[in-house]
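Beneath this line is the structure, given in structure tokens, with notes to follow.
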Amino acid sequence: MSETSIDMAKAGGLPSEDVSQRQAAVGDFIALLKPRVMSLVVFTGFAGLLVAPGSLHPVLAAVAVLCIAVGAGAAGAINMWYDRDIDAVMKRTQGRPIPQGLVAPDDALAFGITLSIFAVMLMGLAVNWAAAALLAIANLFYVFVYTIWLKRRTPQNIVIGGAAGAFPPMIGWAAVTGSVSLESIVLFSLIFMWTPPHFWALSLYRAGDYQKAGIPMLPVVAGAAATKRQMLLYTVLLLPLSILPTLLGTAGYLYGAVAAVMGLGFVGLCLRVLREEGERAPKQMFAYSILYLFVLFALLIVDSANSNWLNW
Ligand code: HEM
Ligand SMILES: CC(C)=CCC/C(C)=C/CC/C(C)=C/COP(=O)(O)OP(=O)(O)O
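Heads up: the sequence shown begins at 67 in my numbering, then just goes up one per residue.
Structure, rendered in structure tokens:
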């Protein structure tokens, strides 16, 4: 796409041949919430809520999870509004509702802002204001720090901006306890450290897309070899960090053992990424990253020392 058409897209009007004639459907607005990515975000938030000491009435717990889902999805919608120019250029994102002309940019922005405010207010009024404040910070961080400030400026965009996606377990924890604690900071750090290998694995085989869109992702700016070395650093640091919930008593030995085995598997895959050329190993590493985080948080729930989900 030329510079001019990028500017047109940013101004809200895509080139006319790209604009669909059909009306926006509910599904198009749901797609703005990035439901597949957000499913794991919500799961980690839910896990934070279940492993926190104390208990929350099941209805309030459901409201808290809903608020995390809506607040995170709303941030995704605002991200799609801001990134509509680059989304139209990249193969992976071309099919999204805004570049397809299915949802008008202004409607997507209004939808995202309305849902963000709704989620934060509902969390504050129904659950507590500590959880609401953390939800607001995560939402604003993803929109302003990651999307608007860093994404187009620095290859460290996802290291710093990735903090947004690390908030959910802390939000879930605060929904129960009304506060932030060392244990919830450890859960935050786990996702924070996991994000670079998760994303850089994908960016290794999507580097062409990012280059075309002018986004300075690490493989584009520093090359594949430097990206792989940085991935290894975070993957290795993640291993001892992932055992901390057991050491702190948030989870039991079963969690600790599975975290160690899965962590060694993550490091092993990363070493394969370093050794091998081509897309196969990075694709496996990306898929494994999702499985890894899902299994770790599932085990946290099952092997939680507090287990308040059993005695609501
Ligand atoms: C700055 C941080 C992050 C970046 C830049 C990032 C980037 C991405 C990208 C580009 C994709 C591909 C999406 C697509 O195919 O359209 C993806 C997929 C995914 N991400 Fe992340 N991610 C980040 C953090 C997270 C976090 C915190 C979670 C959950 C805790 C997460 C969970 C997922 C999941 C589940 C998928 C697979 C979605 C699918 O199957 O289509 N990501 N991520
Ligand atoms: C309120 C709250 C809990 C927010 C959570 C925010 C969150 C889940 C952040 C994760 C980051 C994410 C999905 C990045 C996608 O990168 P990108 O936007 O560059 O990906 P794209 O190229 O697919 O649009």
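C-beta: ideal position from N, C-alpha, C; glycine also.
A quick note: this is a predicted structure, and the numbers were derived from the prediction, not measured.
Inter-residue spacing [alpha-carbon to alpha-carbon] between residue i and residue j
i	j	result
PRO165	LEU175	14 Å
LEU126	ASP172	33 Å
PHE381	LEU200	Look at the range of the chain in this structure, 67 to 378, and you will see that residue 381 is not part of it.
ALA323	VAL108	24 Å
LYS294	VAL193	42 Å
PHE363	GLU343	31 Å
GLY274	ALA290	12 Å
ILE128	GLY334	One point to set straight first is that residue 128 is Ala, not Ile, in the sequence displayed. When rounded, the distance between both Cα atoms is 38 Å.
TYR212	ASP149	11 Å
PRO81	ASP151	Note on PRO81: pLDDT 41, under 50, position unreliable in the model; no value is reported.
SER308	ALA202	26 Å
LEU253	ALA353	21 Å
MET351	ALA140	28 Å
VAL339	PRO221	19 Å
GLY238	ILE257	14 Å
PHE207	ILE214	10 Å
GLN296	ALA197	33 Å
Nearest to residue i (by Cα), restricted to the options the options
i	options	result
VAL117	ILE281, VAL211, ALA241	ALA241
ILE356	GLY139, PRO263, SER182	PRO263
ALA154	VAL339, LYS278, PRO119, ARG295	LYS278
ARG272	THR213, LYS349, SER308	LYS349
LEU365	LYS217, LEU340, LEU320, PHE332	LEU320
LEU314	GLY178, GLU249, MET156, ALA267	GLU249
GLY167	VAL186, ARG88, VAL361, MET297	ARG88
ARG346	VAL302, THR312, SER269, VAL287	SER269
THR159	LEU98, GLY329, VAL368, PRO311	LEU98
TYR358	VAL368, CYS336, PHE332	PHE332
For residue i, the three-state DSSP class (helix, strand or coil)
i	result
SER121	coil
ALA317	strand
GLY245	As written in the sequence, residue 245 is Ser, which differs from the Gly given in the question. Coil at SER245, not helix or strand.
ASP73	Annotation note: pLDDT 39 at ASP73 (below 50); position unreliable, coordinate value reported separately. Looking at ASP73 - three-state DSSP - the assignment turns out to be helix.
VAL368	helix
ALA170	coil
Beta-carbon gap between residue i and residue j smaller than 9 Å
i	j	result
GLY142	MET104	yes
LEU122	LEU115	yes
THR110	PRO306	no
GLY137	ALA204	yes
ARG218	GLY280	yes
LEU216	MET259	no
TYR276	MET187	no
LEU181	PHE360	no
TRP266	PRO285	yes
ALA325	THR312	yes
Counted within 10 angstroms of its Cβ, other Cβ atoms place residue i as buried (16 or more) or exposed
i	result
VAL327	exposed
THR243	buried
VAL92	exposed
SER370	buried
ILE224	buried
LEU299	exposed
ILE96	exposed
LEU191	exposed
GLY120	exposed
LEU330	exposed
ARG162	buried
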